[in-house]
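Heads up: the sequence shown at position 128 corresponds to 404 in our numbering, and the numbers run straight through without jumps.
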Amino acid sequence: MDKRTKKWLKVGLQLVIAAVAIYFVLKEIDVDELKSVLSKANPLWLLLAFLAFNVSKILSAFRLNYFFRALGLQLNEKYNLKLYYLGMLYNQFLPGGIGGDGYKVYLLNKLYKTPLKGLIAATLLDRISGVVALGFLAFGLGLMGSAKEALTPYGFLLWVGLIVAYPAYYVLVHFVFPTYKKVNHITNIQALGVQGLQLVCAYLILKSIGVEAGYVDYLTLFLVTSVAASLPISLPGGIGIREAIFAFGYSYFMIEQTSSVALASLFFLITLVSSTVGVLFLRLRSSL
277 MDKRTKKWLK VGLQLVIAAV AIYFVLKEID VDELKSVLSK ANPLWLLLAF LAFNVSKILS
337 AFRLNYFFRA LGLQLNEKYN LKLYYLGMLY NQFLPGGIGG DGYKVYLLNK LYKTPLKGLI
397 AATLLDRISG VVALGFLAFG LGLMGSAKEA LTPYGFLLWV GLIVAYPAYY VLVHFVFPTY
457 KKVNHITNIQ ALGVQGLQLV CAYLILKSIG VEAGYVDYLT LFLVTSVAAS LPISLPGGIG
517 IREAIFAFGY SYFMIEQTSS VALASLFFLI TLVSSTVGVL FLRLRSSL
C-alpha cells in the first residue's frame, strides 16, 4: 500500500469517526435548544474569546521557534508567525490533519536545508509539550472540581498524573530528544501559557452563552476534549470529537449538556475563523 493510499484511508477513517460522533451528538441533545443557546451568544464575549485564542496561537508560534532555534535554524519572528498561521490554515482545510506541520517541515527543509529528521522531531516535540501541558492542567483542575468524585475510587490517579506529567516529559526529552534539552524550561512555561490562554478563551465562551456556575468542571472537560482533539483519529479542530465528549461526559460533572456542546461548537468556529488568517500568507514562500 503506497503512501497516498494510506493517507486517504486515514482521511476516510477521520471522516467516518467525525460523522458518527456528530450523528450520536445530534441524537443525544436537544438540537433546538442548542440553536437557541448559540443564537443568543453575546458577541462581545465571543470577540474577547477570539482575541484570547489568537494570543495563545501567537505564543505557540514563539514556542515552536525555540525548538527550531535549538536546531540552529534562526527564523525571523515575523516570518515564523506568518508560517504558523499558514500551517493553521492547511491543518484546517487540507486532509490528513497534519498538513500544516508537513508543509512547514517541507518548506524549511527546502529553503534552509535543515535536516528533515530534526524538523520532524521539533514539530513532534512541540505537539507533545502541548499535550503534557493540557494533561497537567486537566489533572490540576480535576482535583478542584467534580472529577475526583466522578473517578471514585480512582481519584488518586489525578494526583499521580499531576506529579508525574512533567518529570516523565523531562525524561523523554533527555533520552529521546536531547537536542532540545536547552529549551526545555522556556518551552514548557510557554506551553502552559498557551493552554492557559485557551482556558481563558473557553471561559469567555461560557460567559457569552450565559453560564454562571460550574466553570471548573466545564474547563476540566474542555481540557479532556483538547487532548482527544490532538489525537490522529480526529479531524482538524476536533470537530465531532469535542462535541461527543461533552455530550456524553457532562453527566460525570456538575454541568449542563447543551451549554457543554455549545462551548465545543463555538470553540471550533473560533479556531476555524482564526485559521483563515493564513489566507493572507498563501504567497509567503514567494515573498522570501
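No residue lacks a Cβ here, since even glycine has one placed at the ideal position from N, Cα and C.
Starting from residue i, trace the alpha helix (DSSP H) both ways and give me its first and last residue.
i	result
A354	Looking at the sequence provided, one finds Lys at residue 354 rather than Ala. Start and end: E353 to F369.
K457	Element bounds for K457: n/a, residue is neither H nor E.
F544	Q533 to S551
D493	Y491 to A505
F453	Here F453 belongs to no alpha helix (DSSP H), and DSSP marks it neither H nor E.
Run through DSSP, which three-state label would residue i get?
i	result
N236	Examination of residue 236 is not possible in this model, given that the chain is present from 277 through 564 alone.
S422	coil
R559	coil
D402	helix
E519	helix
V571	Given a span of 277 to 564 for the chain in the structure shown, any question on residue 571 remains unanswerable.
Y446	helix
L564	Reliability of the predicted coordinates at L564 is poor, the pLDDT of 45 falling under 50, and no value is obtained from them.
L473	helix
Y430	coil
D308	helix
Rounding to the nearest angstrom, what Cα-Cα distance links residue i and residue j in this structure?
i	j	result
N385	V549	29 angstroms
R339	R403	11 angstroms
A337	E425	37 angstroms
A398	Y366	18 angstroms
S563	Y360	Reliability of the predicted coordinates at S563 is poor, the pLDDT of 46 falling under 50, and the value obtained from them is presented with this limitation in mind. Distance between the alpha carbons of S563 and Y360: 15 angstroms.
H450	S484	43 angstroms
V436	S422	17 angstroms
K524	L419	Sequence inspection shows Phe at residue 524; the Lys mentioned does not correspond to that position. C-alpha separation (whole angstroms): 21 angstroms.
A520	Y442	29 angstroms
K354	V500	32 angstroms
G554	L362	4 angstroms
L475	F544	14 angstroms
T534	I481	13 angstroms
K358	K389	20 angstroms
G486	L335	29 angstroms
Would a C-beta distance cut-off of 8 angstroms place residue i and residue j closer than the cut-off?
i	j	result
A478	L539	yes
K333	M364	yes
I546	A295	no
V407	S551	no
Y342	V447	no
L322	L542	yes
F522	S502	no
Y456	L401	yes
A504	L468	no
(message) With a threshold of 8 angstroms, are at least 3 pairs of Cβ atoms found where one atom belongs to the stretch 527-534 and the other to the stretch 492-499?
(response) Yes, since at least three Cβ pairs between the stretch 527-534 and the stretch 492-499 fall closer than 8 angstroms, the two stretches touch.
(request) Check whether the stretch 456-468 touches the stretch 339-351, taking contact to mean three or more Cβ pairs, one atom from each stretch, closer than 8 angstroms. (result) yes
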